[in-house]
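J.: Numbering (the numbering used here), first residue to last: 5 to 459. Supplied in structure tokens, the structure appears directly below.
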Amino acid sequence: MTKEMNLRELALAILMEVTQNGEFSNKVLNQTLSKYQYLAKQDRAFLSRLTEGTIERMIEMDYIINQYSNVKVNKLKPVIRNILRLGVYQIKYMDQVPASAACNESVKLAMKKGFHNLKGFVNGVLRTISREIENIEYPSKIAQPISYLSVAYSMPEWIIRNWLEEFSFETIEKMLQCSLTERETTIRCNTNKTTIDELRKGLMSQGVLVGDGAYVEEALRISEYDSIQRLYGFTDGLFQVQDESSMMVAHAAGIKKDDLIIDVCAAPGGKSLHVAQLLEGTGNVIACDLTEYKVDLIKQNVERLGYTNVEPRVQDALELDDTLIDKADVVIADLPCSGLGVIGKKNDIKYNITPEKQKDLAQLQRNILHVVQHYVKKGGTLVYSTCTVNREENLSNVEWFVNRYDFELESLREYLPERFVKREGKESTIDKGYINFIPGIYNTDGFFLARLVKK
Numbered sequence: 005m006t007k008e009m010n011l012r013e014l015a016l017a018i019l020m021e022v023t024q025n026g027e028f029s030n031k032v033l034n035q036t037l038s039k040y041q042y043l044a045k046q047d048r049a050f051l052s053r054l055t056e057g058t059i060e061r062m063i064e065m066d067y068i069i070n071q072y073s074n075v076k077v078n079k080l081k082p083v084i085r086n087i088l089r090l091g092v093y094q095i096k097y098m099d100q101v102p103a104s105a106a107c108n109e110s111v112k113l114a115m116k117k118g119f120h121n122l123k124g125f126v127n128g129v130l131r132t133i134s135r136e137i138e139n140i141e142y143p144s145k146i147a148q149p150i151s152y153l154s155v156a157y158s159m160p161e162w163i164i165r166n167w168l169e170e171f172s173f174e175t176i177e178k179m180l181q182c183s184l185t186e187r188e189t190t191i192r193c194n195t196n197k198t199t200i201d202e203l204r205k206g207l208m209s210q211g212v213l214v215g216d217g218a219y220v221e222e223a224l225r226i227s228e229y230d231s232i233q234r235l236y237g238f239t240d241g242l243f244q245v246q247d248e249s250s251m252m253v254a255h256a257a258g259i260k261k262d263d264l265i266i267d268v269c270a271a272p273g274g275k276s277l278h279v280a281q282l283l284e285g286t287g288n289v290i291a292c293d294l295t296e297y298k299v300d301l302i303k304q305n306v307e308r309l310g311y312t313n314v315e316p317r318v319q320d321a322l323e324l325d326d327t328l329i330d331k332a333d334v335v336i337a338d339l340p341c342s343g344l345g346v347i348g349k350k351n352d353i354k355y356n357i358t359p360e361k362q363k364d365l366a367q368l369q370r371n372i373l374h375v376v377q378h379y380v381k382k383g384g385t386l387v388y389s390t391c392t393v394n395r396e397e398n399l400s401n402v403e404w405f406v407n408r409y410d411f412e413l414e415s416l417r418e419y420l421p422e423r424f425v426k427r428e429g430k431e432s433t434i435d436k437g438y439i440n441f442i443p444g445i446y447n448t449d450g451f452f453l454a455r456l457v458k459k
């Protein structure tokens, strides 16, 4: 790295791309880390923590700045706004960074970006915040519950209001707490190439912390590593990154040898590959997505994991393929959604989604279901899933679907992993054919799935 380019400047560049140009934070961060591969592990960790933390806590950062700035956040120049956000995050959440360093480096960054006339403003705001950081008054949990949740957990108020129509205050707070809690990475062992024990030993030999999955036998949870791509077994296709809630889809489908599976929105291929693994080399998995780019992601994973029974295809899920009508034993419809179940991993989703976009997505899901249900043969299965927790995109769509088409919900109890079924006990929606994985209640991402059988 040149003398002119330091970690905070990189963090500012990432923040500007996300807040001004609408780029996805994980995409920009990964591109930056790839460009500066020579960065030491400690520097990579600092950059990741600073950028991801500032983005996920942005509403709180703005609330704090507004307490001590005579110019409100939305009136500040974008560069100054983001420099202050980065500075406040370091003061509030990065104990290893002295407050004086956070202030000084922020002032230097403002000057370097050409705002010499605002160095006093930046310095004054941040130094005042550093003195008052333990005395900041937040909205009252009792008197202002929505404002409290919004500021304390950096969640837009409209999302909280929507959730309060379905969930209790306590459940919502658990979800939000979970979204801000650092968790291990979940991987699925490719049992066609190795065993859980062999994969565990290989990862541990690199100093990786490895634990069992919470519910799924083929899952491991890992932490204390630098880069997934550099881990034991990645290049050789011994594992795939995939959350356990997502792994439930292949189990819920009730895969049998020689089945024809159609995954209609498959990229980057996690569920298609899991299904192929359960087929043990038999059958065929047609893994479709909208663009060449997305299908290339599927192809890369298919090649890396070594499956021969997966056929990636460019196919618009809204366009009916007459050659596939009544052919599929299983259709997997993991459809585009608001993504609010994975905000712990994709911090900027909560800022980009709007009520209008959410309604459009719910309608898009129905439009896709209208098309892809034609592919399911009589007695076959459609597994509908999303990575969100909103009823409008989940159970409401399932109810709409079974009232319109010749399908019925079927109990998931005999299909899901035994460890998970025991956890559910006797009273569970799995007997009704669906489950809503709520973060903080379940040890997974937020996720919904339903098993629908064609009559």
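Note that CB positions come from ideal geometry on N, CA and C, so glycine has one too.
(1) Sorry if obvious, but does the Cβ on Leu-224 come closer than 7 Å to a heavy atom of the ligand ZN?
(2) Straight-line CA distance for Glu-109 to Val-129?
(3) Which term fits Thr-448, buried or exposed, when burial requires 16 or more other beta carbons within 10 angstroms of its beta carbon?
(4) Exposed or buried, which one is Ser-209 when buried takes at least 16 other CB atoms within 10 Å?
(5) Please state whether DSSP places Lys-381 in a helix, a strand or coil.
(6) Are the beta-carbon atoms belonging to Leu-453 and Ser-389 less than 8 Å from one another?
(7) Which residue from Val-299, Leu-456, Arg-192 puts its Cα closest to that of Gln-319?
(8) Measuring alpha carbon to alpha carbon, tell me which residue in Ala-321, Gly-287, Val-376, Phe-171 is nearest Asn-394.
(9) Could you have a look at Gly-274 and say whether DSSP puts it in helix, strand or coil?
(10) Where does Asp-435 sit, in a helix, a strand or coil, going by DSSP?
(11) Going by DSSP in three states, Asp-293 sits in which element: helix, strand or coil?
(12) Rounded to the nearest angstrom, how far is the Cβ of Gly-437 from that of Ser-415, given a contact under 8 Å?
(13) Name the two residues that bound the continuous beta strand (DSSP E) containing Cys-269.
(14) Between the C-alpha atoms of Leu-2 and Leu-373, what's the straight-line distance to the nearest angstrom?
(15) Could you tell me the distance, in whole angstroms, from the CA atom of Leu-43 to the CA atom of Arg-204?
(16) Apply the 10 Å Cβ neighbour rule to Ala-156 and answer buried if 16 or more other Cβ atoms are within range, or exposed otherwise.
(17) What did DSSP end up calling Asn-440 once you bin it into helix, strand or coil?
(18) What runs of the beta strand (DSSP E), each 3 residues or longer, lie entirely inside the segment 361 to 424?
(19) Taking 8 Å as the cut-off, does the segment 328 to 342 touch the segment 34 to 49 (at least 3 CB pairs, one atom from each stretch)?
(20) Can you give the Cα-Cα distance for Thr-6 and Gly-217, rounded to whole angstroms?
(21) Any contact of the segment 279 to 288 with the segment 252 to 269, i.e. 3+ C-beta pairs under 8 Å?
(22) Which residue or residues does DSSP assign as beta-bridge partners of Tyr-224?
(23) Where does Thr-6 fall in DSSP's three states?
(24) Measure the C-alpha to C-alpha separation of Gln-94 and Glu-138 and round it to an integer number of angstroms.
(25) Where Glu-315 and Leu-16 are concerned, what is the direct C-alpha to C-alpha distance, given to the nearest angstrom?
(26) Taking only the alpha-carbon atoms, compute the straight-line gap between Ser-276 and Ala-291 and give it to the nearest angstrom.
(27) Tell me whether the segment 339 to 351 and the segment 180 to 197 touch, counting them as touching only if at least three CB pairs, one residue from each stretch, are closer than 8 Å.
(28) In three-state DSSP terms, what is Val-334?
(29) Which of the three DSSP states is assigned to Glu-315 in this structure?
(30) Return the CA-CA distance between His-120 and Leu-88, expressed in angstroms with no decimal places.
(31) Measure from the alpha carbon of Lys-459 to the alpha carbon of each residue in Glu-431, Arg-423, Arg-408, Val-425, then state which is nearest.
(32) Sorted by chain position, which residues of the same chain lie with C-beta nearer than 7 Å to Val-335's C-beta, five sequence neighbours on each side aside?
(33) Measuring straight from C-alpha to C-alpha, what distance separates Glu-8 and Ile-146?
(34) Run through DSSP, which three-state label would Arg-455 get?
(35) Could you pull out every residue in the same chain whose Cβ sits closer than 8 Å to the Cβ of Tyr-72, ignoring the five residues on either side in sequence?
(36) Can you tell me which of the three DSSP states Phe-50 falls into?
T.: Let me lay it out:
(1) No copy of the ligand ZN occurs in the structure displayed, which carries no ligand at all.
(2) 14 Å
(3) buried
(4) exposed
(5) strand
(6) yes
(7) Val-299
(8) Phe-171
(9) helix
(10) helix
(11) strand
(12) 6 Å
(13) From DSSP, Cys-269 is part of no beta strand (DSSP E); its letter is neither H nor E.
(14) Because the chain spans 5 through 459 in this model, residue 2 falls outside it and cannot be assessed.
(15) 27 Å
(16) buried
(17) strand
(18) 380 to 390, 411 to 413
(19) no
(20) Bear in mind that a pLDDT of 42 at Thr-6, under 50, signals an unreliable position, so the model cannot answer this.
(21) yes
(22) The question names Tyr, but residue 224 in the sequence shown is Leu. In DSSP, Leu-224 forms a bridge with Ile-191, Asp-216.
(23) Since pLDDT at Thr-6 reaches only 42, below the 50 mark, its modelled position is unreliable, and the value read off the structure follows with that caveat. Of the three classes helix, strand and coil, the one that applies to Thr-6 here is coil, per DSSP.
(24) 14 Å
(25) 42 Å
(26) 6 Å
(27) yes
(28) strand
(29) strand
(30) 15 Å
(31) Arg-408
(32) Ile-266, Val-268, Val-376, Tyr-379, Val-380, Leu-386
(33) With a pLDDT of 41 at Glu-8, under the threshold of 50, the modelled position of that residue is not reliable, and the figure given next carries that caveat. Distance between the alpha carbons of Glu-8 and Ile-146 is about 48 Å.
(34) strand
(35) Val-129, Thr-132, Ile-133, Glu-136
(36) helix
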